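Reminder that position 169 of the sequence shown reads as 168 in numbering that gives the first Met the number 0, one-by-one numbering, no gaps.
By construction, the Cβ of each residue, glycine as well, lies at the ideal position given by its N, Cα and C atoms.
Every value quoted in this text rests on a predicted model; they were computed, and no experiment measured them.
Worksheet for the structure shown next.
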Amino acid sequence: MGRIIAVANQKGGVGKTTTAINLSACLAEKGKKVLTIDIDPQGNTSSGLGIKKDELNYTIYDLIIGNCSISDCLLVNIYENLSLLPSNVNLAGAEIELIGVEEREFILKKEIEQIRNNYDFVIIDCPPSLNTLTINAMTTADTILVPIQCEYYALEGLSQLIHTINLVRQRLNPKLEIEGVVFTMFDARTNLSLQVVENVKENLKQNIYKTIIPRNVRLAEAPSHGLPINIYDPKSAGAEGYKDLAEEVIDKR
C-alpha cells in the first residue's frame with residue numbers, strides 16, 4: 000500500500016513546495032512510483048513541475064467539488080515514475096463551496112483510497128494555512144513531513160501545527176503521525192543556522208531527518224524552468240540534499 004506523506008507547515012516560505020517537488024522527483028528517480036498532489040491554490044508545485052496550470056481542463060478543484068473523476072484530472076508520468084494531481088487558483092473557491100457538504104474533511108481521502116495501491120509514495124503539498132484543504136490532506140495522509148527554515152522564527156507556529164495534528168488524530172485520523180522534521184535553507188556560514196538546528200532539536204521530541212537542505216541558488220532557479228532540481232542541476236548541493244532525503248524517507252518504510 001502506498002505511503003501518503005503530507006508536507007505541511009502553516010508558516011509560509013519554509014521550503015514546503017520546494018520539498019514536495021524535489022522529494023517527489025528524487026523518489027521517482029530512485030525507481031519509486033510517486034503521485035504528487037498539489038492542494039495549494041497557488042499551484043506552485045504544478046508550475047514547478049513544468050505544468051501550465053492555467054491551461055488545464057480539470058484540476059484537483061474539479062475533483063473536490065465533484066465536477067470530474069480522478070482519472071480526468073490525473074496527469075500520468077509527467078516525468079518517469081512521477082504523476083501529478085495539479086492545482087490552480089480555482090481551488091481558492093473550494094473552501095466556500097464545501098460549506099455544508101457532508102464529510103467534507105474526507106473528500107480527498109475517498110478519492111485517493113481508490114488509487115493509492117498504484118503508488119509507492121503519495122506526496123501532498125499543503126497550503127500555508129490550517130483550512131479545509133489542509134485538513135483534507137491530513138485525513139488522507141499517514142504522516143506529516145514538516146519543513147523548518149533555518150531562521151529566527153523557525154519555531155513560531157510549530158506548536159500550533161502540532162496541536163492541529165493532534166486534534167486531527169483524535170477526531171478524524173487516529174493513525175496520523177509526524178513523519179519528521181527536515182531543515183531547509185541551511186547556511187553553514189552563519190551561526191544562526193547552527194543555533195536554529197540545535198534549538199529545534201532541544202525543543203522538539205519528533206523525528207528529525209539527518210539530511211539538511213542547504214540554501215542553494217540552483218534550488219531557487221529550478222521552478223522558473225519548470226524542472227525539479229535533480230533534472231535542472233543534478234550535481235548541485237540542493238540536488239544532493241534532496242536525493243539524500245529521498246533515501247532517508249525510503250529507508251523509514
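Supposed contact pair residue j and residue i - C-beta distance, whole angstroms, cut 8 Å
i, j, result
"isoleucine 59", "serine 86", "5 Å"
"leucine 203", "valine 180", "6 Å"
"asparagine 135", "glutamate 104", "6 Å"
"alanine 5", "isoleucine 123", "4 Å"
"serine 235", "arginine 217", "4 Å"
"alanine 7", "valine 145", "6 Å"
"isoleucine 228", "asparagine 76", "Their Cβ separation, rounded to whole angstroms, is 19 Å, which puts isoleucine 228 and asparagine 76 out of contact at 8 Å."
"threonine 64", "glutamate 96", "The sequence given here places isoleucine at residue 64; threonine does not occur at that position. Confirmed, about 5 Å."
"valine 196", "glutamate 150", "With a Cβ gap of about 11 Å, valine 196 and glutamate 150 do not count as contacting."
Coil, strand or helix - residue i by DSSP
i, result
"arginine 214", "coil"
"threonine 18", "helix"
"valine 196", "helix"
"lysine 209", "strand"
"isoleucine 249", "helix"
"alanine 236", "helix"
"leucine 223", "Correcting the residue type first, residue 223 is serine in the shown sequence and not leucine. If DSSP states are grouped into helix, strand and coil, serine 223 belongs with the helices."
"serine 68", "coil"
"leucine 244", "helix"
"leucine 81", "strand"
"leucine 203", "coil"
Spatially closest choice to residue i from the options, by CA coordinates
i, options, result
"leucine 81", "Lys51, Leu62 and Leu34", "Leu34"
"aspartate 53", "Leu22, Lys32, Thr44 and Val88", "Val88"
"serine 23", "Asn190, Asp37, Ala91 and Met0", "Asp37"
"alanine 140", "Lys174, Ile50 and Gly30", "Lys174"
"serine 45", "Leu73, Ile98 and Leu83", "Leu83"
"threonine 131", "Tyr57, Tyr78, Glu101 and Gly237", "Glu101"
"valine 248", "Gly14, Thr16 and Lys31", "Lys31"
"alanine 221", "Ile111, Ile207, Tyr208 and Gly237", "Gly237"
"valine 121", "Ala27, Leu191, Ile228 and Val13", "Ala27"
"glycine 49", "Leu166, Ser128, Ser70 and Leu74", "Leu74"
"alanine 93", "Gly240, Gln41, Pro233 and Leu171", "Gln41"
"leucine 166", "Asn190, Met137 and Asp250", "Met137"
"glycine 47", "Ile63, Glu239, Leu129 and Ser223", "Ser223"
"lysine 109", "Asp186, Tyr231, Arg168 and Leu62", "Leu62"
"asparagine 117", "Ile161, Ala91 and Ser70", "Ser70"
"asparagine 206", "Asn229, Ala91, Met0 and Ile177", "Ile177"
"glutamate 201", "Leu154, Cys125, Ala7 and Asn8", "Leu154"
"histidine 143", "Met0, Lys15 and Gly11", "Note that residue 143 is isoleucine in the sequence shown, not histidine. Isoleucine 143 has its Cα closest to that of Lys15, out of Met0, Lys15 and Gly11."
"lysine 51", "Lys251, Leu226 and Gly240", "Leu226"
"alanine 245", "Asp119, Arg170, Phe185 and Arg168", "Asp119"
"asparagine 215", "Thr183, Leu55 and Ala19", "Thr183"
"proline 213", "Thr189, Ile230 and Lys251", "Thr189"
"tyrosine 78", "Arg168, Cys25, Phe185 and Lys251", "Cys25"
Beta strand (DSSP E) segment containing residue i, residue limits
i, result
"glycine 179", "176-185"
"asparagine 76", "74-78"
"isoleucine 4", "2-6"
Start-to-end residues for the alpha helix (DSSP H) that takes in residue i
i, result
"alanine 93", "93-96"
"asparagine 89", "Unbroken run through asparagine 89: none, as it is neither H nor E."
* To do: Just list the alpha helix (DSSP H) runs in the stretch 11-60, keeping only unbroken ones of 4 residues or longer that don't cross its boundaries, in chain order.
  => You should have 15-28 and 43-47.
* Asked: Counting only runs that start and end within the stretch 102-189, where is the alpha helix (DSSP H) found for 4 or more residues in a row?
  -> The stretch 102-189 contains these whole alpha helix (DSSP H) runs: 106-112, 131-139 and 157-170.
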